[in-house]
Amino acid sequence: MHFPSVNGYKKQAIKDKKEQIIYGAHKRKILGNPSFEEINIAYVDGLCSALRERMKFSVREAKTFAKKRKTIKELLDIYQAYNNLIFAKKGQTPCMKENMVSKIWSWSELLHKRLTTFN
Numbered sequence: 004m005h006f007p008s009v010n011g012y013k014k015q016a017i018k019d020k021k022e023q024i025i026y027g028a029h030k031r032k033i034l035g036n037p038s039f040e041e042i043n044i045a046y047v048d049g050l051c052s053a054l055r056e057r058m059k060f061s062v063r064e065a066k067t068f069a070k071k072r073k074t075i076k077e078l079l080d081i082y083q084a085y086n087n088l089i090f091a092k093k094g095q096t097p098c099m100k101e102n103m104v105s106k107i108w109s110w111s112e113l114l115h116k117r118l119t120t121f122n
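See the structure below:
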């Protein structure tokens, strides 16, 4: 799992829930020593909202409804690549903020890039 990195800190906000009912949240330091005020759940809520908007396969059974876990994983992989490399907020993608790439990618660049995978 990728945790947001700010100033070299890694942190996580976790929702506490029982049977799909959220009753609170707690924070956890992953790396470094960020203040607890810097850790919030807004990133998680934003991701869930974006997935509901853009990933219609998960909303209701229709032609696009994903029935297999492998299909869902592949669709989420495509969304993750789009979100990290193509979709820019304030002129930067998440990969640009982490200095992994130097420019915003296009769909063509993403789909034609030869990648090395390690098993």
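To convert, take the position in the sequence shown, counting from 1, and add 3; that gives our numbering.
Cβ coordinates follow ideal geometry from the N, Cα and C atoms, glycine included.
Closest by CA to residue i, which one among the options?
i      : options                       : result
Ser105 : Ile89, Ser111, Leu114, Leu118 : Ile89
Leu118 : Lys92, Ala84, Lys93           : Ala84
Ile50  : Gln23, Lys30, Ala16           : It is worth fixing the name first, because residue 50 is Leu in this sequence and not Ile. Residue Ala16 is the option with its Cα nearest to Leu50.
Asp94  : Glu56, Ile81, Trp108          : Going by the sequence as given, residue 94 is Gly instead of Asp. When only C-alpha atoms are compared, the closest one is Trp108.
What do you reckon, are the CB atoms on residue i and residue j nearer than 9 Å?
i     : j     : result
Asn86 : Ala45 : no
Ala28 : Lys21 : no
Met58 : Leu79 : yes
Where do the ends of the alpha helix (DSSP H) carrying residue i lie?
i     : result
Ala91 : Taken as a continuous stretch (DSSP letters only), Ala91 belongs to no alpha helix (DSSP H), as it is neither H nor E.
Leu2  : No answer is possible for residue 2: the residues shown for the chain start at 4 and end at 122.
Thr74 : 72-84
What is the DSSP secondary structure of residue i, reduced to helix, strand or coil?
i      : result
Gln95  : strand
Ala28  : strand
Ala45  : helix
Ala69  : coil
Lys106 : coil
Please classify residue i as buried or exposed, where buried requires at least 16 other C-beta atoms within 10 Å of its C-beta.
i      : result
Thr74  : exposed
Trp110 : exposed
Lys116 : exposed
Does residue i have its Cβ less than 9 Å from a Cβ in chain D?
i     : result
Tyr46 : This model lacks chain D altogether; it includes just one protein chain.
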